[in-house]
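Some notes on the structure that comes next.
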Amino acid sequence: MATPTFPVIRIEGPPRERGRQYGRLAAERIAASLALYQGAWAGSGGLDRAQVLERARAFIPGIEARFPQQMEELRGMAEGAERLVEELVALNARTELLYGSAGGAGAATEGCTAAAILPRKPGDPVLIGQNWDWKPDSRELAILLQVHPDCGPACMTFVEAGMMARNGMNAAGIGLCGNFLNAAGDFSRAGVPIPFVRRAILASASLPEAVGQVLNAPRAFSSNHLLAHRDGEAIDLEATPAQVFSVFPQDGLLVHANHFQAGAGHVVDTGVARFPDSLFRDRRVRAALAATRGRLNATHLQRALRDHFGHPYGVCRHRAVGADGNELETVASVVMDLSAGTMAVAHGPVCENGYTVYAPFAPVAAGAAVSG
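So the sequence shown is numbered by my numbering: it starts at 6 and just counts up by one.
This is how it looks when you write it as structure tokens:
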């Protein structure tokens, strides 16, 4: 049986033009994304279409002020996909809309286990990767988006169609993974939806610049950002609306799940009750990697991300109803070798599927959509 893969879409040029390319090439999956999340917004927060568009519209001034080029790309995407700009803002603000309505009661929670590995000795690779645990149907929404801007580093992000970024890597050597976090005080202030911050990280030319994107972006909702650089550095940023807490590698390993580490004791972690398995998922991955002697490579990280302790609620999560009453599973797994400039991606559950390796910055025909 052939290894299942996600569609690959390449966009290039100035913001408006690459947005049009994105919208045109991903139009079907953007429509499917909107259909899935309109149902989720209605189910968890009682938001009808008009209310969703109204709330999405309120995010536009903040996005325009902080990330004007991304807002221009989003307008182009709306033109290419023949959708309203507000619909695409809503997709990017899906977390804020889900949890900002009725306190997020009944909203599904996004689980992820992420890890970065630094070299033990010269010549070892710098690795970063994660499993993404979410609604099973979201597998059919995901794409691999290659962005080749007219200025700045190219990047590749694994993302749901219509969104700006989820996890990924760029040609400047930066890798990014993201995790759901939830703390008391979320929605205490206005903010920019998380996918815009993630795209800004992937548009950065250096790790300090990428860290600054998290520190300086206005935040409405908590989120975790695990960053690494091919020169052998990594940092984890637990961001709440009011504060950002830093976690650094220990013995060359940095692993994070869906609970606060550095922020524990400083914030009220309201998300961990939805994900009690988070308390051991990061430990399981760290222990598996630490037990490996010698050189760690992408295969070791892929193996650690297949861990089943606590089945079906393991690092490799199988379809099951969680503590929040929603059905989740590992939808995809992404492992990036920042030293080699490659990204390995697998359908989930990852124990059932192999990884396909991409070299995202190799030349490809402009505007080409490569499926499978």
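Cβ atoms here follow ideal geometry from the backbone N, Cα and C, with glycine treated the same way.
Close Cβ partners of residue i (< 7 Å) along its chain, the five nearest in sequence each way excluded
{"i": "D342", "result": "P130, L132, A303"}
{"i": "S139", "result": "Per the sequence presented here, residue 139 reads as Trp, with Ser not at that position. Contacts found: E115, L333, V336."}
{"i": "A233", "result": "A121, V131, I133, G180, A239, L343"}
{"i": "P19", "result": "D155"}
{"i": "A371", "result": "Residue placement at A371 is poorly supported in this model, since its pLDDT is 39, which falls under 50; the coordinates are not used for a value here."}
Beta-carbon spacing of residue i, residue j below 7 Å
{"i": "L207", "j": "G173", "result": "yes"}
{"i": "V260", "j": "R291", "result": "yes"}
{"i": "A225", "j": "F192", "result": "yes"}
{"i": "A121", "j": "A239", "result": "yes"}
{"i": "T392", "j": "N136", "result": "The requested residue 392 does not occur in the structure, where the chain is confined to residues 6 to 377."}
{"i": "T347", "j": "A367", "result": "no"}
{"i": "N187", "j": "T100", "result": "no"}
{"i": "M382", "j": "Q75", "result": "In this structure the chain extends from 6 to 377, so residue 382 is not present and cannot be described."}
{"i": "H313", "j": "P354", "result": "no"}
{"i": "F285", "j": "N263", "result": "no"}
Identity of the residue in the options nearest residue i by Cα
{"i": "A244", "options": "L39, Q43, G134, F265", "result": "F265"}
{"i": "W46", "options": "L232, A95, A86", "result": "A95"}
{"i": "N175", "options": "R80, L149, V249, V260", "result": "L149"}
{"i": "R288", "options": "G270, T100, V320, V350", "result": "V320"}
{"i": "N229", "options": "A210, V252, D312, E87", "result": "V252"}
{"i": "A36", "options": "E87, G50, R21", "result": "E87"}
{"i": "G183", "options": "Q56, L89, V339", "result": "V339"}
{"i": "F72", "options": "A188, R204, A55", "result": "R204"}
{"i": "A70", "options": "Q56, G48, F201", "result": "F201"}
{"i": "D282", "options": "N358, P317, L41", "result": "P317"}
{"i": "R235", "options": "T8, P127, E357, P12", "result": "P127"}
{"i": "A271", "options": "R23, A189, L212, F280", "result": "Per the sequence shown, residue 271 should be read as His rather than Ala. For the residues R23, A189, L212, F280, the minimum Cα distance to H271 belongs to A189."}
{"i": "P12", "options": "L102, F185, Q56, H352", "result": "H352"}
{"i": "G359", "options": "G327, N331, R308, A345", "result": "R308"}
{"i": "D142", "options": "E357, S227, G105, A40", "result": "A40"}
{"i": "A345", "options": "G178, G330, P246", "result": "G178"}
{"i": "I65", "options": "L89, G51, A210", "result": "L89"}
{"i": "Q56", "options": "L103, V350, A247", "result": "L103"}
{"i": "A278", "options": "G217, F185, L79, L231", "result": "F185"}
{"i": "G51", "options": "A210, G105, V326, I68", "result": "G105"}
Residue(s) in a DSSP beta bridge with residue i
{"i": "F185", "result": "S228"}
{"i": "N154", "result": "Correcting the residue type first, residue 154 is Pro in the shown sequence and not Asn. Beta-bridge pairing links P154 to G18."}
{"i": "G173", "result": "T162, L181"}
{"i": "L259", "result": "A121"}
{"i": "M168", "result": "Bridge partners of M168: none, in fact."}
{"i": "D53", "result": "Beta-bridge pairing links D53 to no other residue."}
{"i": "M348", "result": "M341, Y363"}
{"i": "F72", "result": "Answer by DSSP bridge pairing: none, since F72 is not bridged."}
{"i": "L333", "result": "A325"}
{"i": "L242", "result": "H230, S251"}
{"i": "Q135", "result": "A119, V339"}
{"i": "L207", "result": "Paired residues: none, contrary to the question."}
{"i": "I148", "result": "V164"}
{"i": "A292", "result": "In the DSSP output, where bridge partners are listed per residue, A292 has none listed."}
{"i": "Y318", "result": "R322"}
{"i": "V272", "result": "A269"}
Cβ neighbours of residue i in the same chain (closer than 8 Å, five flanking residues each side left out)
{"i": "D256", "result": "A295"}
{"i": "V249", "result": "V219, L220, L242, E243"}
{"i": "G299", "result": "R125"}
{"i": "R171", "result": "W137, T162, F163, V164, E165, G183, P200, R203"}
{"i": "T297", "result": "H305"}
{"i": "G237", "result": "L123, P124, V131"}
Residue i Cβ short of 6 Å to the ligand HEM heavy atom set
{"i": "A37", "result": "In terms of ligand content, the structure shown is empty, and the ligand HEM therefore cannot be addressed."}
Cβ shell of residue i (< 6 Å), same chain only, five flanking positions each side left out
{"i": "E380", "result": "Because the chain spans 6 through 377 in this model, residue 380 falls outside it and cannot be assessed."}
{"i": "R21", "result": "E77, G81"}
{"i": "R25", "result": "G81, E84, G85"}
{"i": "G167", "result": "I35, S38, L93, L96"}
{"i": "C160", "result": "V152, G173, N175, L207"}
{"i": "P254", "result": "L123, A239"}
{"i": "G111", "result": "Low local confidence applies: a pLDDT of 49 at G111 is under 50, so the model's placement there is unreliable, and no value is given."}
{"i": "A7", "result": "none"}
{"i": "R144", "result": "V336"}
{"i": "G268", "result": "E243, F250"}
{"i": "A293", "result": "A309"}
is_contact[residue i, chain D] using C-beta, thresh 7 Å
{"i": "V272", "result": "Absent from the structure is chain D; it holds one protein chain and no more."}
> Is the segment 188–199 in contact with the segment 301–318, if contact means three or more CB pairs nearer than 8 Å?
Replying inline: A contact is defined here as three or more CB-CB pairs under 8 Å, and the segment 188–199 fails this definition with respect to the segment 301–318.
> Just checking, does the segment 57–64 make contact with the segment 79–95 on the three C-beta pairs under 8 Å criterion?
Replying inline: A contact exists between the segment 57–64 and the segment 79–95.
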